[in-house]
Structures are given as C-alpha cells and as structure tokens.
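Comments concern the structure below.
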Ligand code: CO
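In my numbering, the protein residues as written are 2 to 138.
Written out as structure tokens, the structure is:
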C-alpha cells in the first residue's frame with residue numbers, strides 16, 4: 002500500500018540555524034521558510050536526490066509540535082511520511098486493521114497542498130506516521 006518515502010520531519014528549536022546548517026555543513030539544497038497556520042508549523046524543506054527532510058518549528062500558540070520541542074529542546078525526529086495513491090482507501094484499510102487515525106480521521110491539506118493524515122505512533126513502532134496522497138507515477 003505505501004509507496005515512496007516522501008520525507009522525514011525533524012523538529013528544530015531554530016529554523017534559520019537548522020536550514021543554514023543543512024545548507025552549509027551538509028551542502029544540501031533548502032527551500033525558503035513557509036508558514037502553515039492550519040498546521041501550527043513553519044517549515045523548510047531540504048531537497049535530497051531521493052527524498053526530502055522537513056524541518057519544523059512551532060507557529061502560533063496552539064502548535065501541535067510545541068510539546069515535542071518542550072520535551073526535546075535540541076530538536077529531534079518527529080515523523081516519517083509515506084506516499085499512498087488513494088488516501089481514503091488507505092484510511093479504510095488501516096481502520097479495519099485496528100490502526101488509529103489522528104484528529105477527526107479525515108485528510109487535511111498538507112505542506113505540499115496534497116491530502117495528508119497522521120497515524121497513532123503507538124500503532125507503528127513508536128513512530129508518528131504521515132500518509133500523503135500523490136498521483137500514481
Ligand atoms: Co510531514
């Protein structure tokens with residue numbers, strides 16, 4: 002069901018410093034900062050040849066990643082994102098299999114303007130999993 006690894010997300014305490022580190026120390030291509038108020042985050046994408054790294058920083062009072070940053074003040078890996086071609090079919094399969102979809106269980110529009118859902122980490126080896134619907138290659 003899942004396809005390619007779309008991105009790995011890392012929460013960082015200082016987005017500009019993290020982007021600079023990826024650009025200068027690691028020699029990667031990074032995007033401009035993008036604010037996503039619906040998701041309570043500001044993001045920078047590090048574009049790698051085979052996938053992306055999503056650098057995340059809290060945005061606003063009720064950011065869903067503020068707690069994570071409070072618990073991991075130097076930052077840390079937050080979630081992995083796998084591609085699916087039919088997110089509603091994926092949700093139906095996962096729910097029938099006993100997995101928990103976070104929030105209201107319905108897809109929201111993610112950082113790339115595509116439908117995404119998040120799955121409960123306790124159902125997936127302690128890792129928060131994001132599914133993103135992409136058109137079949
Ligand atoms: Co993500």
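Think of the CB as a built atom: it goes at the ideal place given N, C-alpha and C, for glycine as much as any other residue.
For residue 51, three-class secondary structure by DSSP: Taking the first residue of the chain shown as 1, we reach residue 51 at position 50. Looking at residue 51 - three-state DSSP - the assignment turns out to be coil, as it is neither helix nor strand.
Contact under 8 Å by Cβ, residue 103 with residue 79: Indexing the chain shown from 1 puts residue 103 at position 102. Indexing the chain shown from 1 puts residue 79 at position 78. Not in contact: residue 103 and residue 79 (Cβ atoms no closer than 8 Å).
Candidates 70, 96 and 124, of which the one nearest residue 105 by Cα: One-based indexing of the chain shown puts residue 105 at position 104. Checking every option, the nearest Cα to that of residue 105 belongs to 96.
Closer than 7 Å: residue 80 CB and nearest ligand 1 heavy atom: The sequence position of residue 80 within the chain shown is 79, counting from 1. The answer is yes for residue 80.
Assigned exposure category for residue 82 - 16 Cβ within 10 Å defines buried: Indexing the chain shown from 1 puts residue 82 at position 81. When all chains shown are included, residue 82 counts as buried.
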